[in-house]
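Chemist: Numbering (our numbering), first residue to last: 1 to 103.
(1) Pick from 27, 2, 58: whose alpha carbon is nearest that of residue 13?
(2) Residue 63: buried (16+ other C-beta within 10 angstroms of its C-beta) or exposed?
(3) Mind checking whether residue 9 and residue 22 have CB atoms under 7 Å apart?
(4) How would you label residue 24, buried or exposed, when you count the other beta carbons within 10 angstroms and need 16 or more for buried?
(5) Keeping to the same chain, check which residues put their C-beta closer than 8 Å to that of residue 19; ignore five residues upstream and five downstream.
(6) Please check the pair residue 5 and residue 47, which I expect to be a contact at CB under 8 Å, by giving their CB distance rounded to whole angstroms.
(7) Within a Cβ cutoff of 8 Å, which residues of the same chain sit near residue 56, ignoring the five residues on either side of it in sequence?
Written as structure tokens, this is what we have:
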């Protein structure tokens, strides 16, 4: 069963030959290995850690990874938008609420 994580800010990860930046969902499947790198001038720098699939636990993620990917969506909604009526709040989550075409 795949395990999903987000990277902490300031880190990069490599899994199954693909590079991941913070904010991108990192999916680890059985047999995969994840390497965590420190960010240096916006690109991967020194390797900080590496984990096998068996070492990863979404409930208690290791250093550099966050397992709260469902909670991340809830937290990304600013407090100002959370007080909006329900239909408007739904649109606000998608980032296009309040945008009007220039006349």
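Even glycine gets a Cβ: it sits at the ideal position worked out from N, Cα and C.
Treat the numbers as computed from the prediction; the structure is a model and nothing was measured.
Modeler: This is what the structure gives:
(1) Mapped onto the chain shown, residue 13 falls at position 13. When the alpha-carbon of residue 13 is set against those of 27, 2, 58, the nearest one is in 27.
(2) The residue labelled residue 63 in the question sits at position 63 within the chain shown. It counts as exposed.
(3) Numbered from its first residue, the chain shown carries residue 9 at position 9. Numbered from its first residue, the chain shown carries residue 22 at position 22. Going by C-beta atoms, residue 9 is nearer than 7 Å to residue 22.
(4) Looking up residue 24 in the chain shown gives position 24. In this structure residue 24 is exposed. Its beta-carbon is surrounded by fewer than 16 other beta-carbon atoms within 10 angstroms.
(5) Working through the chain shown from its first residue, we reach residue 19 at position 19. For residue 19, where only same-chain residues beyond five positions count, the Cβ hits under 8 Å are 12, 13, 44.
(6) Taking the first residue of the chain shown as 1, we reach residue 5 at position 5. Taking the first residue of the chain shown as 1, we reach residue 47 at position 47. Beta-carbon to beta-carbon, residue 5 and residue 47 are separated by about 17 Å, too far to satisfy the 8 Å threshold.
(7) For this step, residue 56 is matched to residue 56 along the chain shown. The residues are 3, 5, 28, 34, 62, 65.
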